[in-house]
Amino acid sequence: MLQAIRESVEYLQKKIGVFEPEVGIVLGTGLGGLVKEIEIEHSIMYSSIPNFPISTLEFHSGKLIFGTLKGKKVVAMQGRLHFYEGYSMQQITFPIRVLKALGIKHLFVSNAAGSLNPEFKKGDLMIINDHINLQPESPLRGINDADLGPRFPDMSQPYNKKLIADGLKVAEEQGIICHQGVYVAVTGPNLETKAEYKYLRIIGGDAVGMSTVPEVIVANHMALPVFAISVLTDEGFPEDLQPFNLDEILETAAVAEPKLTKILSQLISAL
Ligand code: HPA
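Using our numbering, read the sequence shown as starting at 2 and increasing by one per residue.
Listed below in structure tokens is the structure:
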């Protein structure tokens, strides 16, 4: 793995020269608007980067965007990998390892998720303060490379406390409804049944989605501070469950996206 990371980093450093990103950003489905705020210096197709996994169409058009956001040097992943697409957990999280090796000091992650908490409505934001991993394996399964991180990484506080507090403050100042809560990661790609939404709420979830947790585990393995935030695009309330409608989800994401962009860009500029 170290060798593969080194190869990818060498390739990227040849392309970006002296540019050294301080912040990594992973943008969720339908949540790419933050890229418009970046003064782009380099844009590199995933498909051209050695060892980056490619096979699905979505990822084929994925790019690493290097540039400046509110004075901070950032690298954004436009197009993220999901376990349901068939990648291994190691493949999904490989780009995070590469970003860390390029020098990022913070990781910001966004996603679209379903609300499980009756108080959290469609279109609201939720800063993730903890998670429950119901995906079938950890990205750290297998031989551990001690140069990357410990065999048994601590997960007592996987989301940076100060960034959570700062994010809630920014939201309040901007008049944005933003909760905090527990994100449950499922494999997907099918949505949940009524009984499953009920179960996910009972076990302590506030939101459910199909991403984010693998990246967060790997970031914690490498002691990289994380901020993660969900746009709640639908309501998984079993008593009144509506059939899943992807167009509606994408529309809700598009409407909520500017709020997310405000919070992320404000937090990043204040780092
Ligand atoms: N369940 C799982 N993943 C999701 C959902 C959901 O309700 N909404 C957006 N991603």
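Built from N, CA and C at the ideal position, the CB exists for glycine as well.
* How do the region 199 to 215 and the region 148 to 158 stand: do at least 3 beta-carbon pairs fall below 8 Å, yes or no? -> no
* To do: Have a look at R98 and A220 and give me their C-alpha separation to the nearest angstrom.
  => C-alpha separation (whole angstroms): 8 Å.
* Asked: Quick one: is E1 buried, meaning 16 or more other Cβ sit within 10 Å of its Cβ, or exposed?
  -> What is shown of the chain runs 2 to 272, which leaves residue 1 out entirely.
* Spatial neighbours of E23 within its chain, please: CB distance less than 8 Å, with the 5 preceding and 5 following residues excluded, ordered by chain position. => So the list reads K73, K74, V75, G104, I105, K106, H107 and L272, once near-sequence residues are dropped.
* Mind checking whether the beta-carbon of M127 lies closer than 6 Å to any heavy atom of the ligand HPA? -> no
* Identify, in the order they occur along the chain, each residue of the same chain with its Cβ nearer than 8 Å to the Cβ of T263, setting aside the five sequence neighbours on each side. => It is Lys, not Thr, that sits at residue 263 in the sequence shown. Counting only Cβ-Cβ distances below 8 Å, and skipping sequence neighbours, we find V171, Q175 and I177.
* Contact check, S9 vs N52, beta carbons under 7 Å -> yes
* Asked: Taking just the CA atoms, how far does E42 sit from G18?
  -> 11 Å
* Which class does S116 belong to by DSSP, given the choice of helix, strand or coil? -> strand
* To do: Would you tell me roughly how many angstroms separate the C-alpha atoms of H132 and I218, rounded to the nearest one?
  => Rounded to the nearest angstrom, the gap between the Cα atoms of H132 and I218 is 10 Å.
* Kindly list the residues whose CB is nearer than 6 Å to the CB of G29, restricted to its own chain and excluding five residues on each side of it in sequence; keep chain order. => S111, N112 and A113
* Extent of the continuous beta strand (DSSP E) to which T234 belongs -> For T234, the uninterrupted beta strand (DSSP E) run begins and ends at V227 to E236, by DSSP.
* **Sequence ranges, alpha helix (DSSP H) only - wholly within the region 121 to 199, length at least 4** => 162 to 174
* Asked: Quick one: what does DSSP say L108 is sitting in, helix, strand or coil?
  -> Strand, per DSSP.
* Asked: So what's T213 in DSSP terms, helix, strand or just coil?
  -> coil
* Verify the contact flag: M46, CB atom, against every heavy atom of the ligand HPA, threshold strictly below 6 Å. => no
* **First through last residue of the alpha helix (DSSP H) which encompasses Q243** => No alpha helix (DSSP H) holds Q243; DSSP gives it neither H nor E.
* Buried/exposed call for N130, threshold 16 Cβ in 10 Å -> buried
* **Same chain, Cβ closer than 8 Å to P151, five either side skipped, listed in chain order** => N145 and H222
* Asked: So what's V19 in DSSP terms, helix, strand or just coil?
  -> coil
* **When K71, F238, V214 and F67 are compared against T94, the one with the closest alpha-carbon** => V214
* To do: Specify, as a first and last residue, the run of the alpha helix (DSSP H) that A77 falls within.
  => Segment K73 to Q79 is the beta strand (DSSP E) holding A77; no alpha helix (DSSP H) there.
* Candidates M46, I39, Y184 and A186: which alpha carbon is nearest K71's? -> I39
* Asked: Going by DSSP, which residues form a beta bridge with A208?
  -> S116 and Y184
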